[in-house]
Amino acid sequence: MRLIFSYLIGLVFGTGIALSGMANPAKVLNFFDIAGNWDPSLIFVMGGALVTTFIGYRLVFGRAAPVLADTFQVPVNRTIDARLLGGSVVFGVGWGIAGFCPGGALPALGTGRWEVYAFTAAVIAGIFIAKFLQTQGGARRVTA
Amino acid sequence: METVFTPWASLGGGVLIGLAATLLMLFLGRIMGATGILAGLLVPSSGSEFAWRAAVLLGMVSSPLALLAITGEVPTVQVPVSTPMLIGGGLLVGIGVTFSSGCTSGHGVCGMARLSTRSIAATLTFMIATFATVYVVRHVIGA
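Spelled out as structure tokens, the structure:
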């Protein structure tokens, strides 16, 4: 049951991404190019997604627990540190160079375009590089 | 490369993204973040943690085919950047989202909708970085 719902939710998310233009790097990059061929569509994506989630979450959090799980697993970390902000800068630079973000690329894999696979493979490599760097940092802190 | 302004399709797509985020919280109690889904698949903490993420990913990947069935068209993917930029950008995205624990969907939609100050800080930071990068790439370097 969990898997069927998960699949359908992924399908709704991916359809939203594809319909909105987030899976199209040309459109995403034009949103960020105010000095050039500016395409403001992404404001509508962000607005629609935020308002819907804001209202939806308020309704959902009125419940004691999720329908198919024991607890809501919501991040409790409140620290705004160099790791969060530095990571965000690096992510933003990468997004500005490639035009894909993870949420845009994963549904776009279904179009079969090789560029999406090349980008996603690079993201996966990046995730492993970062995890390696994090364990190195952690090990250094332990030995220091 | 010029693109057409699509306020209605983008708004409708945004509402579907929000609907998916709401439904994942309602049924599984989880944040709809592409970074969390992908990273959780690569380094799963358990079999059941792997399975629901794999199902979500499968749903995402089948969405272009669903759209093809409904509209008769595959969603447009125009890549206006070179292959090295695609790869280099992808590496930076992967490194960045791992350190920031989230991306546009996790921080930008789900976190902001929870009014998390951490997510608001992350979203403002990466949006500014992306604006600056696109400006430098297109108008300073001219790539």
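Read top to bottom, the protein sequences are chains Y and C. Under the working numbering, the very last position in the first sequence is 170; numbers go up by exactly one each time. Under the working numbering, the very last position in the second sequence is 150; numbers go up by exactly one each time. For every residue, glycine included, the Cβ atom is placed at its ideal position computed from N, Cα and C.
Members of the stretch 30 to 53 of chain C that neighbour chain Y once the beta carbon cut-off is set at 9 angstroms: 30, 31, 32, 33, 34, 35, 36, 37, 38, 39, 40, 41, 42, 44, 45, 46, 49 and 50
**Item:** Partner residues on chain C for residue 137 of chain Y, Cβ-Cβ distance less than 7 angstroms
**Value:** 71, 81, 82 and 84
Under the rule that 16 or more other beta-carbon atoms within 10 Å means buried, what is residue 41 of chain Y, buried or exposed? buried
Checklist entry - Would residue 88 of chain C be called buried (16 or more neighbouring beta carbons within 10 Å of its own) or exposed? => result buried
TODO: Compare the beta carbon distance of residue 70 of chain C and residue 133 of chain Y with 8 angstroms and say whether it is the shorter of the two.
DONE: yes
Using a Cβ-Cβ cut-off of 6 angstroms (strictly less than) and excluding sequence neighbours within five positions of residue 104 of chain C, which residues of its own chain qualify?
42 and 110
| query | Using the beta-carbon of each residue, which ones in chain Y are nearer than 9 angstroms to residue 25 of chain C? | reply | 42, 74, 75, 76, 77, 78, 79, 80, 81 and 82
Could you check which residue in Y:72, Y:98 and Y:33 has the C-alpha nearest to that of residue 84 of chain Y? Sorting Y:72, Y:98 and Y:33 by C-alpha distance to the C-alpha of residue 84 of chain Y places Y:98 at the top.
Review point. Can you tell me the Cα-Cα spacing of residue 44 of chain Y and residue 73 of chain C, whole angstroms?
Key: 10 angstroms
* Asked: Does the stretch 124 to 141 of chain C come close enough to the stretch 103 to 120 of chain Y to have 3 or more Cβ pairs within less than 8 angstroms?
  -> Here the stretch 124 to 141 of chain C makes contact with the stretch 103 to 120 of chain Y; the two share three or more CB pairs at distances below 8 angstroms.
Practice problem: Indicate the three-state DSSP secondary structure (helix, strand or coil) for residue 112 of chain C in the structure shown. | Solution: helix
Can you grab the Cα-Cα spacing for the pair residue 89 of chain Y / residue 72 of chain Y, in whole Å?
-> 26 angstroms
Given residue 18 of chain C as reference, the closest of Y:68, Y:49, Y:160 and Y:62 once Cα atoms are compared: Y:68
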